[in-house]
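In numbering that gives the first Met the number 0, the protein residues as written are 0 to 246. Glycine residues also receive a C-beta, built at the ideal position from the N, C-alpha and C atoms. Computed from a predicted model, the values in this text were never measured in an experiment. What follows is a single structure, written as structure tokens, with notes after it.
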Amino acid sequence: MALAFSACIGVVLFWGLAVGTRTKLFSFEDSMVSAVAPSGSDGICASMVLSQGYPCEEHTVTTQDGYILSMQRIPAGKSGETSGNKVPVLLQHGLLMDGITWLLLPPDESLAFILADNGYEVWIANTRGTKYSLGHTSLTPDDPAYWEWSWDELVAYDLPAAYQYVHDQAGQKLHYVGHSLGTLIALGAFSEDQLVNMLRSAVLLSPIAHVGQITSPLAKTAAENFIAEVRVIPSIYISISGRNNSL
């Protein structure tokens, strides 16, 4: 336990030591976001959704820089009613989590299930490096180069790839719900005029903000040294249950 905690602190402290130029946001007109066929029998659908009596589909989308992201689609509520032109909602998790965060509570308390039961087409995103998005077109999590990214790449590649995929699949604009890190990457993309033309609304839960009034010495040091600007140190990640997962 102490080792895992130390590793967590180490990642937080070293997150941005390699400050450089920010990743340029790509243009949909100049780039190709490729989607690959849904796969996997041990993913979030099987472990968290189907067991609750809801329909679920596993999808994957490949970012412009080669990361293969897992996504889940819940097309209907528990009743199975799929008629009508359902409005899509994309759910983006926060730091230290993956898409399961939207499914941990009972169905009547989990946002993904609540939205599905209220007639929405629910899509769940999983950012690179999380348990269900460890794929890459040419790298593995054991390669240091696999971890050479920061939240800039989530803004530039992951969110646009997931967003575009949902928009293309649904054929209409979508609602967005982000938590913590999910608010940071959304604001980063929106500020560059990315994705706005495909957006119906955005709900930001626990939004990232300037924390000038905090009293924690550790948090103040992190903020004063621009930890958010740092790139992930390639060799620093936590092994949980035999799997390598990024924070």
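Sorted by chain position, which residues of the same chain lie with C-beta nearer than 8 angstroms to residue 195's C-beta, five sequence neighbours on each side aside? Translated into the one-based positions of the sequence shown, residue 195 becomes position 196. The residues are 189.
Anticipated Cβ contact below 8 angstroms, residue 157 with residue 53, distance rounded: Indexing the sequence shown from 1 puts residue 157 at position 158. Indexing the sequence shown from 1 puts residue 53 at position 54. With a Cβ gap of about 25 angstroms, residue 157 and residue 53 do not count as contacting.
How many Å lie between residue 79 and residue 170 at the Cα? As a working mapping, residue 79 is identified with position 80 in the sequence shown. As a working mapping, residue 170 is identified with position 171 in the sequence shown. Their backbone Cα atoms lie some 21 angstroms apart in a straight line.
In whole angstroms, what separates the C-alpha of residue 84 from that of residue 175? One-based indexing of the sequence shown puts residue 84 at position 85. One-based indexing of the sequence shown puts residue 175 at position 176. If I take the Cα positions, the gap works out to 17 angstroms.
Could you say which of 63, 60, 71 and 62 lies nearest to residue 44 if we only look at CA atoms? Working through the sequence shown from its first residue, we reach residue 44 at position 45. If we check each option's Cα against that of residue 44, 71 comes out closest.
Among 161, 113, 201 and 116, which has the Cα closest to the Cα of residue 127? Counted from its first residue, the sequence shown places residue 127 at position 128. Closest option to residue 127, judged by alpha-carbon separation, among 161, 113, 201 and 116: 161.
Looking at residue 42 and residue 57, is the spacing between their C-beta atoms short of 7 angstroms? In the sequence shown, the residue the question calls residue 57 occupies position 58. In the sequence shown, the residue the question calls residue 42 occupies position 43. Yes, these two residues count as a Cβ contact at 7 angstroms.
Start and end of the beta strand (DSSP E) containing residue 89? Position 90 of the sequence shown, counted from the first residue, corresponds to residue 89. 87-91 is the span of the beta strand (DSSP E), which, as asked, contains residue 89.
Minimum C-alpha distance to residue 304 - residue among 68, 182 and 143: Shown here, the chain extends from 0 to 246; a query on residue 304 therefore has no answer.
Could you check the C-alpha separation between residue 76 and residue 99 for me, to the nearest Å? Position 77 of the sequence shown, counted from the start, is the residue given in the question as residue 76. Position 100 of the sequence shown, counted from the start, is the residue given in the question as residue 99. Here the C-alpha atom of residue 76 lies approximately 17 angstroms from the C-alpha atom of residue 99.
Among the candidates 220, 136, 172 and 154, whose CA atom is the shortest distance from the CA of residue 60? Numbered from 1 along the sequence shown, position 61 holds the residue referred to as residue 60. Cα-wise, what sits closest to residue 60 is 136.
What are the start and end residues of the alpha helix (DSSP H) that includes residue 160? In the sequence shown, the residue the question calls residue 160 occupies position 161. Looking at the DSSP string, the run of the alpha helix (DSSP H) that includes residue 160 is 158-169.
Alpha carbon to alpha carbon, how far is residue 191 from residue 123? Translated into the one-based positions of the sequence shown, residue 191 becomes position 192. Translated into the one-based positions of the sequence shown, residue 123 becomes position 124. Residue 191 and residue 123: Cα-Cα distance of roughly 23 angstroms.
Which residues mark the beginning and the end of the beta strand (DSSP E) in which residue 67 is found? Position 68 of the sequence shown, counted from the start, is the residue given in the question as residue 67. Segment 66-73, the beta strand (DSSP E) holding residue 67.
How long is the line joining the alpha carbons of residue 153 and residue 184, rounded to whole angstroms? As a first step, residue 153 must be located in the sequence shown, where it is residue number 154. As a first step, residue 184 must be located in the sequence shown, where it is residue number 185. Their Cα atoms are separated by approximately 6 angstroms.
Excluding five sequence neighbours on each side, which residues of the same chain lie with their C-beta closer than 7 angstroms to the C-beta of residue 103? Reading the sequence shown from its first residue, position 104 is the one you call residue 103. If we look at residue 103 and ignore the five residues flanking it on each side, its Cβ neighbours are 109.
Taking the straight line between their C-alpha atoms, what separation do you get for residue 30 and residue 216? Here the question's residue 30 lines up with position 31 in the sequence shown. Here the question's residue 216 lines up with position 217 in the sequence shown. Low confidence applies to residue 30: its pLDDT is 37, below 50, so where it sits in the model is not reliable, and the reading given next is rough at best. Spanning the two alpha carbons is a distance of roughly 43 angstroms.
One question on the structure: do residue 62 and residue 97 come within less than 7 angstroms of each other, judged by their Cβ atoms? Stepping through the sequence shown from its first residue, residue 62 is reached at position 63. Stepping through the sequence shown from its first residue, residue 97 is reached at position 98. No, Cβ-Cβ distance for residue 62 and residue 97 is not below 7 angstroms.
Same chain, Cβ closer than 8 angstroms to residue 24, neighbours up to 5 away in sequence not counted: Locating residue 24 in the sequence shown gives position 25, where the first residue counts as 1. Confidence in residue 24 is poor, its pLDDT being 46 and thus under 50, which makes the residue's placement unreliable; the coordinate value appears in the next sentence. Within the same chain, residue 24 has close Cβ partners 154, 155, 159, 188, 191 and 193.
Give the DSSP-derived three-state secondary structure of residue 148 in the structure shown. Taking the sequence shown and counting its residues from 1, the one referred to as residue 148 is at position 149. Coil.
If I measure Cβ to Cβ from residue 204 and keep anything under 6 angstroms in the same chain, skipping five residues before and after, which residues do I get? Within the sequence shown, residue 204 is the residue found at index 205, counting from 1. Only 178 meet the Cβ criterion.
Does the Cβ-Cβ distance between residue 94 and residue 180 come in under 7 angstroms? Working through the sequence shown from its first residue, we reach residue 94 at position 95. Working through the sequence shown from its first residue, we reach residue 180 at position 181. Less than 7 angstroms separates the beta-carbon of residue 94 from that of residue 180.
Measuring straight from C-alpha to C-alpha, what distance separates residue 199 and residue 146? Counting from one through the sequence shown, the residue named residue 199 turns up at place 200. Counting from one through the sequence shown, the residue named residue 146 turns up at place 147. Each residue's alpha carbon lies about 33 angstroms from the other.
For residue 106, which residues from the same chain have a beta carbon less than 6 angstroms from its beta carbon, with the 5 sequence-adjacent residues on both sides left out? Locating residue 106 in the sequence shown gives position 107, counting from the first residue. The residues are 51 and 112.
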